[in-house]
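Quick notes on the structure that follows.
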Amino acid sequence: MKNSNSNTKLILLHPYIQKQGSSNRLWLLAFVSFFTIAFLLTLVYTRESITAAASTTLTGPDGSYSSGSVIGGQPLPTTVINTLLHYASKINESYHMAYSELKPISDVLRKCSSPCNLLVFGLTQETLLWKALNHNGRTVFIDENRYYAAYYEELHPEIEAFDVQYTTKISETRELIASAREQIRNECRPVQNLLFSECKLGINDLPNHVYEVDWDVILIDGPRGDGLDGPGRMQPMFTSGVLARSKKGGNPKTHIFVHDYYREEEKMPGEEFLCKENMVEYNDTLAHFVVERMEENSFEYCREKKNTLMRDS
Numbered sequence: 000m001k002n003s004n005s006n007t008k009l010i011l012l013h014p015y016i017q018k019q020g021s022s023n024r025l026w027l028l029a030f031v032s033f034f035t036i037a038f039l040l041t042l043v044y045t046r047e048s049i050t051a052a053a054s055t056t057l058t059g060p061d062g063s064y065s066s067g068s069v070i071g072g073q074p075l076p077t078t079v080i081n082t083l084l085h086y087a088s089k090i091n092e093s094y095h096m097a098y099s100e101l102k103p104i105s106d107v108l109r110k111c112s113s114p115c116n117l118l119v120f121g122l123t124q125e126t127l128l129w130k131a132l133n134h135n136g137r138t139v140f141i142d143e144n145r146y147y148a149a150y151y152e153e154l155h156p157e158i159e160a161f162d163v164q165y166t167t168k169i170s171e172t173r174e175l176i177a178s179a180r181e182q183i184r185n186e187c188r189p190v191q192n193l194l195f196s197e198c199k200l201g202i203n204d205l206p207n208h209v210y211e212v213d214w215d216v217i218l219i220d221g222p223r224g225d226g227l228d229g230p231g232r233m234q235p236m237f238t239s240g241v242l243a244r245s246k247k248g249g250n251p252k253t254h255i256f257v258h259d260y261y262r263e264e265e266k267m268p269g270e271e272f273l274c275k276e277n278m279v280e281y282n283d284t285l286a287h288f289v290v291e292r293m294e295e296n297s298f299e300y301c302r303e304k305k306n307t308l309m310r311d312s
């Protein structure tokens, strides 16, 4: 009878070998865990940094804090934000300027030396646009409706607006221009302080500081210029011409834009007080004049004399 254990082989594993395999697995697990945690921490930190860069806490002049969008480390100006919101909501409305009219004004404002002084007659669809385009300068608006001017300032505190009481009527255009010609050496002279003027076409009831500013650009887009009982734009044109010729400092040239210049009621006072010789561009309904400062003893608005009163209505 054969021994049943004669072919049996006994295999013994050394304890060191078992420990070595378990140790390698533990090190591998620890290595993977470390890099997983490091990756997650990096991801969270990066996300927080991006969020902080997109929205930052800003300290205002009054010590208050507000959160706002940041571009290039500077807060987006309130006027730009309001403009974007305004045009996003009003894009389908009518009674606004065409691109061919907006572009020449925008080009002049872009080239205007900073700080640029812009005077605008009329609160219109483009009001916030003019304020935004003249971001680093001073922009003042003049409107015929005192309640609308006050409402607009309340709605947009960054807007500086004043109301004026116009005393003219479109039906009196020829009569008022003839009267101004007769008084060209007295009350209606081209170089004067309008605060003390009694010329019927002069605007003299604005705040004093408005007359002290050397305006670089003037836009005439108001008041109402249609209907015989409307005030027309004779007073803004006369006043703008006097302001430009009476400048004490700054750029000796003033850019004056007149909207709706296709109407005879705009062309007559325009050629009389801004002068056809000073027109540098006429695009559809927008006329662009460049009027230069004059000596105090000058008593002629235009070098080229033309009798605009003889035209038919």
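First residue of the sequence shown? That's 0 in numbering that gives the first Met the number 0, and the numbers climb one at a time after it.
Backbone N, C-alpha and C define an ideal beta-carbon position, used for all residues, glycine too.
{"Check": "Residues near I217 in its chain [Cβ-Cβ closer than 6 Å; skip 5 each side]", "Outcome": "L118, S239, I255"}
{"Check": "Residue nearest to V163 in terms of C-alpha spacing, selected from V139, I202, T77, G136", "Outcome": "I202"}
{"Check": "Contact check, E265 vs G224, beta carbons under 8 Å", "Outcome": "yes"}
{"Check": "Inter-stretch contact (C-beta, 8 Å, three-pair minimum) for the segment 178-185 and the segment 149-163", "Outcome": "no"}
{"Check": "Distance, T167 Cα to D204 Cα", "Outcome": "14 Å"}
{"Check": "H287 versus I104, V79, L127, residue with shortest Cα-Cα distance", "Outcome": "I104"}
{"Check": "A149: CB within 7 Å of a non-hydrogen atom of the ligand NAD", "Outcome": "Looking for the ligand NAD in the displayed structure turns up nothing, as the structure carries no ligands at all."}
{"Check": "Exposed unless 16 or more other CB atoms sit within 10 angstroms - verdict on A131", "Outcome": "buried"}
{"Check": "Nearest-angstrom Cβ-Cβ length linking E303 and E263, presumed shorter than 8 Å", "Outcome": "Not really, about 19 Å apart at Cβ, beyond 8 Å."}
{"Check": "Cβ pair count under 8 Å reaching 3, the segment 244-259 against the segment 150-158", "Outcome": "no"}
{"Check": "Under 8 Å between C-beta atoms of D142 and G221", "Outcome": "yes"}
{"Check": "Assigned exposure category for L154 - 16 Cβ within 10 Å defines buried", "Outcome": "exposed"}
{"Check": "CA-to-CA distance, T123 to F96, given in whole angstroms", "Outcome": "It should be pointed out that residue 96 corresponds to Met in this sequence rather than to Phe. Rounded to the nearest angstrom, the two C-alpha atoms are 10 Å apart."}
{"Check": "Spatial distance of V139 from G226 (CA atoms)", "Outcome": "27 Å"}
{"Check": "C-beta contact flag for Y210 and L194 at 8 Å", "Outcome": "yes"}
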